[in-house]
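Student: Here you go, one structure.
Protein chains: 4
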Amino acid sequence: MIIVMERGATKEQIQHVFDRIRELGYDVHPIYGVERTVIGAIGDERGKSRLQVLESVPGVEKVVPILKPFKLVGRELRQQRSVVQIRHIGVGSDQLAIMAGPCSVENREQILTTAKIVKEAGAQFLRGGAFKPRTSPYDFQGLEIEGLKLLAEAREQTGLLVVTEVMNPRDILSVAKYADLIQIGARNMQNFSLLKEVGQANKPILLKRGIMAKVQELLMAAEYLAAQGHHNVILCERGIRTFEDATRNTLDLSAVPLLRELTHLPVIVDPSHGCGIRSLVPPLAKAAVAAGADGLLIEVHPNPEEALSDGQQSLFPDQFSALMKDVRKYAELEGRYI
Amino acid sequence: MIIVMERGATKEQIQHVFDRIRELGYDVHPIYGVERTVIGAIGDERGKSRLQVLESVPGVEKVVPILKPFKLVGRELRQQRSVVQIRHIGVGSDQLAIMAGPCSVENREQILTTAKIVKEAGAQFLRGGAFKPRTSPYDFQGLEIEGLKLLAEAREQTGLLVVTEVMNPRDILSVAKYADLIQIGARNMQNFSLLKEVGQANKPILLKRGIMAKVQELLMAAEYLAAQGHHNVILCERGIRTFEDATRNTLDLSAVPLLRELTHLPVIVDPSHGCGIRSLVPPLAKAAVAAGADGLLIEVHPNPEEALSDGQQSLFPDQFSALMKDVRKYAELEGRYI
Amino acid sequence: MIIVMERGATKEQIQHVFDRIRELGYDVHPIYGVERTVIGAIGDERGKSRLQVLESVPGVEKVVPILKPFKLVGRELRQQRSVVQIRHIGVGSDQLAIMAGPCSVENREQILTTAKIVKEAGAQFLRGGAFKPRTSPYDFQGLEIEGLKLLAEAREQTGLLVVTEVMNPRDILSVAKYADLIQIGARNMQNFSLLKEVGQANKPILLKRGIMAKVQELLMAAEYLAAQGHHNVILCERGIRTFEDATRNTLDLSAVPLLRELTHLPVIVDPSHGCGIRSLVPPLAKAAVAAGADGLLIEVHPNPEEALSDGQQSLFPDQFSALMKDVRKYAELEGRYI
Amino acid sequence: MIIVMERGATKEQIQHVFDRIRELGYDVHPIYGVERTVIGAIGDERGKSRLQVLESVPGVEKVVPILKPFKLVGRELRQQRSVVQIRHIGVGSDQLAIMAGPCSVENREQILTTAKIVKEAGAQFLRGGAFKPRTSPYDFQGLEIEGLKLLAEAREQTGLLVVTEVMNPRDILSVAKYADLIQIGARNMQNFSLLKEVGQANKPILLKRGIMAKVQELLMAAEYLAAQGHHNVILCERGIRTFEDATRNTLDLSAVPLLRELTHLPVIVDPSHGCGIRSLVPPLAKAAVAAGADGLLIEVHPNPEEALSDGQQSLFPDQFSALMKDVRKYAELEGRYI
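Residue numbers (the numbering used here), protein chains in the order written: chain A, 1 to 338; chain B, 1 to 338; chain C, 1 to 338; chain D, 1 to 338.
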């Protein structure tokens, strides 16, 4: 941690900062510059947000952290990239993980039909929401347990792995019973109660970036899981909120190579929520693979026009099959396969 | 709902949209313009997000909602402003609600000292976190139940009302046992599981705007509560996330008069989180009152330099007392008092 | 244009709006809904921002434009994609346009060396700033005319086409004398004085998206050029400003397929400014091609460590050559070549 | 400047950074921490953006500037607040500067009528655009020189001072001939060509914050003027672009007290552009005064419903008069007057 003193800071103020730094258990290393004094506080600053409070001390201009606030999920501790093994599929391996399906599980026919379609096109995972976070209380809220059972039935029939979201800590064990991969949705990325309890499920977790979350905050949310010994975590870029309103969100593909530098965890991309417009999903899916994504999460619906949610961003079955053909070629250029 | 057809939409496509609109239970009212056809779908569109799915239909360019998506919290249904009565204090009345206290309850002495200070300066509510949402798992996470008990003790001693946050649906009843006003924090504004269960507590709710939430989304979150019959809701503007990083968030004071136009619910302002810098809190608190806020939520700490969280934005006791003197004058200009 | 009346609008207010719409030269087409009246104003609304002023009229809740505000650059008027011909290179054709070079022209050796490097790797254009927009007045401001001459010398030696920025209307003719393609930088996208005069140069224009510009505003800036009869315009996505500060900007690759739907003009991508971090440039350049970009604008410097500007985002010569090899393969998948 | 080395940086890499720092003219002061080495570069780093380029050097993780990049406009050099004297009015003094008038000068009657109205209500400045930056080429572009003459005539008749915008460097002298205070609009805040030439006019300048400009960038734009010896600069907060679309922009009132800490220059607020909604202007104008603004810039139109631009955010004459009465009281609380 670097503490920058104000231009006119007095000797007494500087001494007081020395004392406070030492009280907090750090070594003091001052640099006396031309215009101002800068003080290095030497020691492991993580988990010591109290150093930040030195900004409250008279004469201090700002406190600049030096170390990255995450540790277990960072590449400094673990250079090698992690593979999250979910039954027979290794996410983060050379095989691209393809997760596809409808926004919501709507009924038996819809989910079974979709499962067959996406399986045939090459997906290894079936996505589908049973518990749905909806902006309006008047919108369809999901089939809940009934939806989970339908997902399990689809797995039975197709061999696809099931990924689905949990929103309430009370539902973690129910969801874990049916899911192969548990999704923490964008709105819950900083739902720390959920993050603290989800590890009980003992299942791999798909952690989606919040629309308001910096890459560093996504990593801190993953660090919550890792700090409890839960390391089977897949990160997902799915668009952030910006001033641009022509698309539902702004898909931040730079986060993909950036995350690959910062963390050993696998990173997948959800272009469907990323842009919210069906016709933009295929080019962005290909771009995600080119940018180095370890997988894709794509909304597909047998009849988007009748979907109970997100119809406007769901691919038609044909579009998805065509896209998978293209994606295979892009994957190959990256030394990967589906 | 207005459905705008593409420039080259065919007769068949237009007819298909007519059919779909009628299937969904609306009347059709087309306008044939010079360049394109626009179709009015007449009926109550709220809760009918399925109309939005018409954007999936070939030939449709966009779907424009006409009605506001919230209803119970809106001023169209209820012109008169609501007063949320919490024991002897009516939030939304001519009396400004002043809620003050530390970010976190740290220990008995800290919270009792703070309570006396803010009570004397004019606050009617004591704020203090027992369950803390922290970005890092290594940061202080709050005293939990122990913290709630200390808050209750402070109420006993001072007569202040207690406002504190709940994060986990499992804790709602515990928090309700000690709190007079239950806070849903910014990170949980769209934690729909929490919104659906918090009504059980049968206590007034302070709903903070998420850092990435539009005003309309804040109202939709309040609508979740109202749709369950829970009308004792106070809204709180506390800063949104923008590109500006000189302040912790960007306090959106325009939300105050805007919310007063859109909803009958009371609106308070939290300038401490809004800017994150102690010296900016007093001018912004005064500005909030001038903009029409029904109250203020302010962080005060007996010794900010030693605070376990948010020290840099907490007022010193003297600053808070001085601010309250100023605020009284501003309140008077608005025909209000503390 | 659709005018939505307030719920309680009176007959007189509605009649007044009818009158105003007719005064402005439009036909009136009302829809009387259950809760409120909606009025269609039929006619070409573009250039009639005065209709927007109806929001000032008592009883009016909002005014919703139906037509896109741009016309000449839109695909509705011209379905076929445009190719901007710059000497022997057609930007927007199957050939990807590769523009590369340093941020600033620094000296003769630097620019000539870079030109040879990028030429050999496959670029057809040499980029380099002679007039530099710099945030600080204390930073290097460019070599100005001297820099233009060096660019021209590099063209002479290599056959590369020259693309360089103009900032001041007074410099348009000088820049046009040396450049093959004139760049309007991100900060000047809405410098309407420059947009109105740059057409005099009678040279193709590269229009970069402002960091604060919506896609629609980028198209309106291009419409300024088109409205003066200047149609040789290439658009460039180069990152927008968001809350994410781990990258210099957030590269909005969804803008590429979106622009391809909305406009017939070619669209290229500048990943260097888009992310501001050298190591992220190659994956984002490949992603841009996969997303459908018509070309790339990339910063390359013979010795980034010594660059007078943007060194941290400039590729080393070797990196650029390696990237071009990769890009060729991605281009092929899109049916294109370099 | 602090250079943070990567965790695994080698001795040679560290030595190379030492060498580079010394080459650039700084003293080296290393701190050897537990996990990594941090190097202080001692000297005046402003204008030395080349230090930033050290981020390009192998082994360097990041470069952290210590000094604020602005100097002449900062309070470190000049503690006392500046008063910009414009004829008989001192902006930044205890007298609040009130600038009011229409968005655009539309015709003689409109501007003369408005001038009388705002004069009577207490304004000292008449605002009105003669050169208009408009998003669409099809919108009204202003009366240009004719508009300037009408503004001068209004000054003649009322004694109001004239503030109007210049967009093109070519028009600086013309505008200076008629204006008492020259406005650089938000879109031109980083139009460095304009900033470099506007000083020629030898007139005070009103510099509006760009919608995507950080406070620090606003100060750097002012520094451009100061670096040329032009110190009569007034800053204006007028709303920034965020994800919130219920208002035209998000008025950032925290910028007011923040700027008062960082710079000695006066700071005024434009609530009209800040929110874009007439009914929100009065509460935000009062809030701006409470937050410490040195003045207000407000759009007033004799008949907003017929305005050629910005009608929806212009106050009716009666509203403006009522607002001024309120503002006087708020000013008094701040020890100021109109």
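For each residue, glycine too, the CB sits at the ideal point set by N, CA and C. Predicted model only: the values in this text are computed from it and were never measured.
1) Tell me, please, which residues DSSP counts as bridged to Pro-295 (chain B).
2) Out of D:Ser-254, D:Leu-235, D:Leu-280, D:Cys-236, point me to the one whose CA is closest to Thr-247 (chain D)'s CA.
3) Beta carbons nearer than 8 Å to chain A: which residues of the region 313 to 327 of chain C have them?
4) Do we get a CB-CB distance below 9 Å when we pair Gln-190 (chain A) with the residues of chain C?
5) Beta carbon of Lys-203 (chain C), beta carbon of Asn-249 (chain C): below 9 Å?
6) Can you tell me which residues form a DSSP beta bridge with Ala-41 (chain B)?
7) May I ask you to list the residues that DSSP assigns as paired with Gln-85 (chain C)?
8) Counting only beta-carbon atoms, is Glu-299 (chain D) nearer than 9 Å to chain B?
9) Just to confirm, are Leu-126 (chain D) and Val-163 (chain D) a CB contact at a threshold of 9 Å?
10) With 9 Å as the C-beta to C-beta threshold (strictly closer), list the residues of the region 243 to 274 of chain C near chain A in chain order.
11) Could you tell me which uninterrupted alpha helix (DSSP H) segments, each at least 4 residues in length, are contained entirely in the region 231 to 266 of chain C, listed from first to last along the chain?
12) Any idea what DSSP makes of Met-5 (chain D), helix, strand or coil?
13) For Val-256 (chain B), does the count of other Cβ atoms within 10 angstroms reach 16, so buried, or fall short, so exposed?
14) Does the distance from the CB of Gly-292 (chain C) to the CB of Arg-241 (chain C) come in under 9 Å?
15) Since Pro-69 (chain B) meets chain D, which of its residues come closer than 9 Å, beta carbon to beta carbon?
16) Which chain A residues are close to Val-419 (chain D), counting only those with a beta carbon under 7 Å from its beta carbon?
17) How would you write the range of the alpha helix (DSSP H) that Gln-313 (chain D) sits in, first residue to last?
18) Please confirm if Arg-22 (chain A) has its CB atom under 9 Å from at least one CB of chain B.
19) Any heavy atom of the ligand ZN closer than 8 Å to the beta-carbon of Phe-131 (chain A)?
20) By the 10 Å Cβ neighbour count, where 16 or more other Cβ atoms means buried, how is Glu-237 (chain C) classified, buried or exposed?
21) Just to confirm my understanding: we take Leu-143 (chain A), look at its own chain, exclude 5 residues before and 5 after, and list those with CB closer than 6 Å. What are they?
22) Exposed or buried, which one is Thr-10 (chain A) when buried takes at least 16 other CB atoms within 10 Å?
23) Assuming Val-281 (chain D) is part of the alpha helix (DSSP H), what are its boundary residues?
24) With 9 Å as the threshold, decide whether the Cβ of Val-289 (chain A) is near any Cβ in chain C.
25) Could you please tell me which residues of the region 180 to 214 of chain B, in chain order, have their CB closer than 7 Å to any CB of chain C?
26) What three-state label does DSSP hand Ile-111 (chain C) in the structure shown?
27) Looking at the structure shown, is Ser-193 (chain D) part of a helix, part of a strand, or coil, going by DSSP?
28) According to DSSP, is Ile-339 (chain C) helix, strand or coil?
29) Tyr-26 (chain D) to Gln-13 (chain D), Cα distance in whole Å?
30) What is the rounded straight-line gap between the Cα of Val-166 (chain C) and the Cα of Gln-183 (chain C)?
31) For chain A, is any of its Cβ atoms less than 9 Å away from the one on Thr-113 (chain B)?
32) I believe Arg-336 (chain B) touches Asp-94 (chain B) by the beta-carbon criterion, under 8 Å. Please report the beta-carbon distance rounded to the nearest angstrom.
33) Check the Cβ-Cβ distances between Leu-308 (chain D) and every residue of chain C, and say whether any is below 9 Å.
34) Whole angstroms are fine: how far does the CA of Val-91 (chain C) sit from the CA of Pro-282 (chain B)?
35) CB Asp-270 (chain A) to CB Gly-311 (chain A), shorter than 9 Å?
36) Which residues does DSSP list as the beta-bridge partners of Ser-104 (chain D)?
Tutor: Put simply:
1) Residue identity check: residue 295 (chain B) is Gly in the sequence provided, not Pro. The partner list for Gly-295 (chain B) (beta bridge, DSSP) reads B:Ala-97.
2) D:Leu-280
3) Asp-326
4) no
5) no
6) B:Val-28
7) C:Gly-90
8) no
9) yes
10) Phe-243, Glu-244, Asp-245, Ala-246, Thr-247, Asn-249, Thr-250, Leu-251, Asp-252, Leu-253, Ser-254, Ala-255, Val-256, Pro-257, Leu-258, Arg-260, Glu-261, Leu-262, Pro-271, Gly-274
11) 255 to 262
12) strand
13) buried
14) no
15) Those do not exist, as Pro-69 (chain B) stays about 13 Å from chain D at its closest Cβ, beyond 9 Å.
16) The question about residue 419 (chain D) has no answer, for chain D in this structure spans 1 to 338.
17) Element bounds for Gln-313 (chain D): n/a, residue is neither H nor E.
18) no
19) The ligand content of the structure shown is nil, which means the ligand ZN is not present either.
20) buried
21) Val-105, Ala-130
22) exposed
23) 281 to 290
24) yes
25) none
26) helix
27) helix
28) Since the displayed chain C opens at 1 and closes at 338, residue 339 (chain C) lies outside it and no answer follows.
29) 18 Å
30) 6 Å
31) no
32) 5 Å
33) yes
34) 56 Å
35) no
36) D:Gly-129
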